[in-house]
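Chemist: Sharing a structure below in structure tokens format, with a few things to ask.
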Amino acid sequence: LGDVPGIAADSVYLSATNSALVGGDFYTLIRLPDDCAVMILGDVSGKGIEAASMSALVKTALTAYAWEGAGPARMARSLNSMLMGFSRVETFVTAFIAKIDLKAGRATYCSAGHPPTMVIRPESMPLGGGQSGVIGAFESMVYETGVFTFAPGDMLFMYTDGTIEARDRSGAFFGEQRLRDLLLSVSGEGVSGICGKVLGELDRFTESALDDDIALVSLEFLRGRS
Numbered sequence: 002l003g004d005v006p007g008i009a010a011d012s013v014y015l016s017a018t019n020s021a022l023v024g025g026d027f028y029t030l031i032r033l034p035d036d037c038a039v040m041i042l043g044d045v046s047g048k049g050i051e052a053a054s055m056s057a058l059v060k061t062a063l064t065a066y067a068w069e070g071a072g073p074a075r076m077a078r079s080l081n082s083m084l085m086g087f088s089r090v091e092t093f094v095t096a097f098i099a100k101i102d103l104k105a106g107r108a109t110y111c112s113a114g115h116p117p118t119m120v121i122r123p124e125s126m127p128l129g130g131g132q133s134g135v136i137g138a139f140e141s142m143v144y145e146t147g148v149f150t151f152a153p154g155d156m157l158f159m160y161t162d163g164t165i166e167a168r169d170r171s172g173a174f175f176g177e178q179r180l181r182d183l184l185l186s187v188s189g190e191g192v193s194g195i196c197g198k199v200l201g202e203l204d205r206f207t208e209s210a211l212d213d214d215i216a217l218v219s220l221e222f223l224r225g226r227s
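By the numbering used here, the letter at position 223 of the sequence shown is numbered 224, and the numbering carries on one by one without gaps.
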């Protein structure tokens with residue numbers, strides 16, 4: 002993750018493929034001028050080296066769109082057009098893209114087929130707007146924008162679907178509610194190490210039998226609207 006003044010970050014990446022340390026999940030935090038930043042977390046279909054090579058392409062494209070000044074929904078649309086041009090490659094991408102204005106304490110975002118991201122504060126709830134379909138499936142897909150505000154001390158927690166779809170021995174999913182309860186219980190200790198604590202709980206829940214790539218990212222806003 003890039004270094005952005007005003008944001009403290011924590012992250013964990015785990016590949017489900019024994020033969021590779023990388024997979025289809027990816028994330029990046031991009032520092033932009035004027036106290037702005039773009040956070041991207043995504044999941045390319047597939048696993049292993051093939052998925053990793055495509056995720057590198059997707060990450061590079063989204064980074065270029067961010068530097069061009071595109072908003073989150075436009076970034077998703079541009080990536081969709083690019084992937085639809087690869088007629089022989091059936092690649093789908095889910096992504097959470099947020100453009101963060103640290104001066105205003107405000108962010109716009111697009112969640113394209115992605116599990117709900119959370120802003121962690123006393124009344125913590127998953128973000129509800131800006132939910133759109135996956136990228137790379139249909140040329141006519143519509144991508145919507147949502148907005149959230151933040152204050153100093155608030156956290157943004159993002160994850161890929163391998164987190165909530167992890168199963169225990171009986172086949173039960175870890176699930177969104179279990180994740181939310183866990184985050185609320187550990188968030189008071191600060192952002193440092195929070196992703197490792199979530200991964201540790203997943204490891205205990207599955208008895209060390211995680212079967213999908215997992216990416217976890219948490220940002221703590223050190224500046225924003227008071």
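For each residue, glycine too, the CB sits at the ideal point set by N, CA and C.
Keep in mind the model is a prediction, meaning the values are calculated, not measured.
Keeping to the same chain, check which residues put their C-beta closer than 6 Å to that of residue 206; ignore five residues upstream and five downstream.
Modeler: Start at 1 with the first residue of the sequence shown, and residue 206 comes out as number 205. If we look at residue 206 and ignore the five residues flanking it on each side, its Cβ neighbours are 169, 175.
Chemist: Buried or exposed: residue 8, going by 16 or more other Cβ atoms within 10 Å of its Cβ?
Modeler: Taking the sequence shown and counting its residues from 1, the one referred to as residue 8 is at position 7. Buried, since its Cβ has 16 or more Cβ neighbours within 10 Å.
Chemist: Distance check for residue 159 and residue 117, CA to CA, integer angstroms please.
Modeler: Walking along the sequence shown from the start, residue 117 turns up at place 116. Walking along the sequence shown from the start, residue 159 turns up at place 158. Approximately 8 Å between the Cα atoms of the pair.
Chemist: On the DSSP bridge assignment, give the partners of residue 97 in chain order.
Modeler: Numbered from 1 along the sequence shown, position 96 holds the residue referred to as residue 97. 42, 112.
Chemist: Which class does residue 180 belong to by DSSP, given the choice of helix, strand or coil?
Modeler: Here the question's residue 180 lines up with position 179 in the sequence shown. Helix.
Chemist: State the DSSP-derived secondary structure class of residue 32, mapped to helix, strand or coil.
Modeler: Your numbering for residue 32 matches position 31 in the sequence shown. Three-state result, residue 32: strand.
Chemist: Could you tell me the boundaries of the alpha helix (DSSP H) in which residue 77 lies?
Modeler: Sequence index remark: in the sequence shown, residue 77 carries index 76 (1-based). Note, residue 77: alpha helix (DSSP H), 73-85.
Chemist: How long is the line joining the alpha carbons of residue 184 and residue 143, rounded to whole angstroms?
Modeler: The residue you call residue 184 lines up with position 183 of the sequence shown. The residue you call residue 143 lines up with position 142 of the sequence shown. Each residue's alpha carbon lies about 31 Å from the other.
Chemist: Could you tell me which residues DSSP pairs with residue 150 in its beta bridges?
Modeler: By one-based count along the sequence shown, residue 150 stands at place 149. Note: residue 150 sits in a beta bridge opposite 107.
Chemist: Does the beta carbon of residue 104 fall short of 7 Å from some heavy atom of the ligand HEM?
Modeler: With respect to small molecules bound, the structure shown includes none, and the ligand HEM cannot be examined in it.
Chemist: By a C-beta neighbour count over all protein chains shown, 10 Å radius and 16 as the cutoff for buried, is residue 155 buried or exposed?
Modeler: Within the sequence shown, numbered from 1, the residue matching residue 155 stands at position 154. Its Cβ being crowded by 16 or more others within 10 Å, residue 155 is buried.
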